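FYI, the numbering for the sequence shown is 0 to 308, going by numbering that gives the first Met the number 0.
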Amino acid sequence: MITIPHKAKQFLVFTIKLLIVIGAFYFIYDQIAGNSKLEWSKFQTLVLEKTSITTIIFILLFSVANRYFEILKWQNLVAFIKPISVGEASKQVLGALTLGVFTPVGIGEYAGKALYFPKKQTKKIIFLNLVCNGIQSFSTVIFGIIGLIYLKYYFLASGSILLVVILTLFLYFSREIKIKNYTFQDLIHRLNEIPKYIHRKNFVLAFCRYVIFSHQYYVLFLVFDVDLPYLTLISTISIVYFLSSVVPSFQFLDFAVKGSMAMFFFGKLGVNEWIVIFISTLMWFLNVVLPVVIGSYYVMRFKLNDSKV
């Protein structure tokens, strides 16, 4: 077995961390600079006219709360293995987000969190991250279907409900089928191993986080003088999040997918296309780019201990 010298290992780890950070920032820059629909001069003029320091701080607080509830979700779930502080949970969530920003469907996020734990716990951490993301997706689906029904998109609502029912029945009747030595029944068993109070808290935190980021979207529309009834606006937002969540994509393309969905559905309500584009981009910047900037700091400070390999 080849032994890598300690200094060589340190240099290799540093190089990988640097490449991750450079890759994250490159993809962010590429998406902003390469978006021909963003008329920055018009955007800057409107922002200066419509916003104040108080408004900017208020909107930023939504982003802080959004990521904070995600951190609390992770802290709550990891307590099943071992208790960690909010600071440690923040490090893991933000560092993993940076790693996942340019990987398909955020796969890098799973690997990123696993790196903070001993190798023997990798499967448990990946499973807990799946639960963490799964309950958030569940909230998005429920509110999305409600939004479709409220705005009378009955065909899409019926199709969505039917797909959920078919998927549930398929999983139930194929619960004994093994995929890489695991069955759906094994998944249920592992879920049941987690204490119910952790599941309840996870659900509440996911619900609160959904309310926060959907209403941040809502407030931005108000800032840009979009005058629509509350239920119409919030229902459309829920539809955009729901339908864009079922389209597999890279994390850094998330705003483009949501932006396309938003342009279609808000266009039906008469909202100007460029306003929708700017708000979608702002949401991406506030809730992905800023956390990635902070996460990059944690990535660069990450130390691969021997106990974790």
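For each residue, glycine too, the CB sits at the ideal point set by N, CA and C.
The structure presented is a predicted model; accordingly, all values stated were derived computationally and were not measured.
Check: Rounded to the nearest angstrom, how far is the Cβ of Leu-168 from that of Pro-290, given a contact under 8 angstroms?
Finding: As a working mapping, residue 168 is identified with position 169 in the sequence shown. As a working mapping, residue 290 is identified with position 291 in the sequence shown. Incorrect: roughly 38 angstroms between the Cβ atoms, too far for contact.
Note to self: Quick test of your reading: Lys-112 and Gln-91, contact by CB under 8 angstroms. State the CB separation rounded to the nearest angstrom.
What the structure shows: To locate residue 112, count along the sequence shown from 1; it is residue 113. To locate residue 91, count along the sequence shown from 1; it is residue 92. Their Cβ separation, rounded to whole angstroms, is 5 angstroms, which keeps Lys-112 and Gln-91 in contact under 8 angstroms.
Margin query: So Leu-230 and Tyr-149 are supposed to be a Cβ contact under 8 angstroms. How far apart are they, rounded?
Written below: In the sequence shown, residue 230 corresponds to position 231, counting from 1. In the sequence shown, residue 149 corresponds to position 150, counting from 1. That belief holds up - the Cβ atoms of Leu-230 and Tyr-149 are roughly 6 angstroms apart, short of 8 angstroms.
Notebook entry, point to check: Which residues mark the beginning and the end of the alpha helix (DSSP H) in which Ala-95 is found?
Noted result: Translated into positions along the sequence shown, residue 95 becomes position 96. Where Ala-95 is concerned, the enclosing alpha helix (DSSP H) stretches over 85–99.
Check: So Val-270 is in the alpha helix (DSSP H); what residue range does that whole segment cover?
Finding: Position 271 of the sequence shown, counted from the first residue, corresponds to residue 270. From DSSP, Val-270 is part of no alpha helix (DSSP H); its letter is neither H nor E.
Notebook entry, point to check: Which residues mark the beginning and the end of the alpha helix (DSSP H) in which Tyr-115 is found?
Noted result: As a first step, residue 115 must be located in the sequence shown, where it is residue number 116. Taken as a continuous stretch (DSSP letters only), Tyr-115 belongs to no alpha helix (DSSP H), as it is neither H nor E.
Margin query: Below 8 angstroms on the Cβ atoms is my contact criterion, and I expect Asn-191 with Leu-76 to pass it. Report the Cβ-Cβ distance as a whole number of Å.
Written below: The residue you call residue 191 lines up with position 192 of the sequence shown. The residue you call residue 76 lines up with position 77 of the sequence shown. Not confirmed; about 15 angstroms, so no contact.
Notebook entry, point to check: On the three-state DSSP scale, how would you describe Cys-79?
Noted result: As a working mapping, residue 79 is identified with position 80 in the sequence shown. For the record, residue 79 in the displayed sequence is Phe; it is not Cys. Here Phe-79 sits in coil by DSSP.
Notebook entry, point to check: So, are the CB atoms of Gly-143 and Tyr-240 less than 8 angstroms apart?
Noted result: The residue labelled residue 143 in the question sits at position 144 within the sequence shown. The residue labelled residue 240 in the question sits at position 241 within the sequence shown. Going by C-beta atoms, Gly-143 is nearer than 8 angstroms to Tyr-240.
Next item on the list: Go through its chain and collect everything with a Cβ distance to Ser-306's Cβ below 8 angstroms, but skip five positions before and after it.
Entry: Mapped onto the sequence shown, residue 306 falls at position 307. Confidence is the limiting factor: at Ser-306 the pLDDT is only 49, short of 50, which leaves the residue's position unreliable, though a coordinate-based value still follows. If we look at Ser-306 and ignore the five residues flanking it on each side, its Cβ neighbours are Pro-117.
Notebook entry, point to check: Using DSSP with H/G/I as helix, E/B as strand and the rest coil, what is Val-308?
Noted result: Position 309 of the sequence shown, counting from 1, holds the residue named residue 308. At Val-308 the pLDDT is 47, less than 50, meaning the model places this residue with poor confidence and gives no usable figure here.
Item checked: Exposure of Glu-272, with buried meaning 16 or more beta-carbon neighbours within 10 Å -> Here residue 272 is taken as the residue at index 273 of the sequence shown, counted from 1. The residue in question, Glu-272, is exposed, as its Cβ has fewer than 16 Cβ neighbours within 10 Å.
Notebook entry, point to check: Is Asp-185 helix, strand or coil when you go by DSSP?
Noted result: On the sequence shown, residue 185 is found 186 positions in, with the first residue counted as 1. If DSSP states are grouped into helix, strand and coil, Asp-185 belongs with the helices.
Item checked: Rounded separation between Val-288 and Gly-107 - CA only -> By 1-based counting over the sequence shown, the position of residue 288 is 289. By 1-based counting over the sequence shown, the position of residue 107 is 108. Straight-line Cα distance between these residues: approximately 16 angstroms.
Next item on the list: May I ask you to report which of helix, strand or coil DSSP gives Tyr-229?
Entry: The residue given as residue 229 occupies position 230 in the sequence shown. Three-state DSSP puts Tyr-229 in a helix.
Check: Between Phe-10 and Met-299, what straight-line distance do the alpha-carbon atoms span, to the nearest angstrom?
Finding: On the sequence shown, residue 10 is found 11 positions in, with the first residue counted as 1. On the sequence shown, residue 299 is found 300 positions in, with the first residue counted as 1. Residue placement at Phe-10 cannot be trusted, given a pLDDT of 49 that sits under 50; what the coordinates show is reported in the next sentence. Approximately 12 angstroms between the Cα atoms of the pair.
Next item on the list: Please classify Val-85: is it buried, with 16 or more other beta-carbons within 10 angstroms of its beta-carbon, or exposed?
Entry: Indexing the sequence shown from 1 puts residue 85 at position 86. So Val-85 ends up on the exposed side.
Notebook entry, point to check: Beta carbon of Phe-223, beta carbon of Ile-274: below 8 angstroms?
Noted result: Here residue 223 is taken as the residue at index 224 of the sequence shown, counted from 1. Here residue 274 is taken as the residue at index 275 of the sequence shown, counted from 1. Cβ atoms of Phe-223 and Ile-274: closer than 8 angstroms.
Checklist line | Residue interval of the alpha helix (DSSP H) (run including Gln-135) | finding: Taking the sequence shown and counting its residues from 1, one reaches residue 135 at position 136. Per DSSP, Gln-135 belongs to the alpha helix (DSSP H) from 121–149.
Item checked: Between the CA atoms of Tyr-67 and Leu-221 - distance to the nearest angstrom -> Taking the sequence shown and counting its residues from 1, one reaches residue 221 at position 222. Taking the sequence shown and counting its residues from 1, one reaches residue 67 at position 68. The straight-line gap from Cα to Cα measures roughly 24 angstroms.
Checklist line | Local conformation of Lys-8 per DSSP, three classes | finding: Walking along the sequence shown from the start, residue 8 turns up at place 9. Residue placement at Lys-8 is poorly supported in this model, since its pLDDT is 49, which falls under 50; the coordinates still yield a value, given next. Correct three-state label for Lys-8: helix.
Item checked: Lys-81 burial status per 10 Å Cβ neighbour count (16 or more: buried) -> Position 82 of the sequence shown, counted from the start, is the residue given in the question as residue 81. Result: exposed.
Margin query: Measuring only the C-alpha atoms, how far is Asn-286 from Leu-268?
Written below: As a working note, residue 286 is residue 287 in the sequence shown. As a working note, residue 268 is residue 269 in the sequence shown. The alpha-carbon atoms of Asn-286 and Leu-268 are separated by roughly 25 angstroms.
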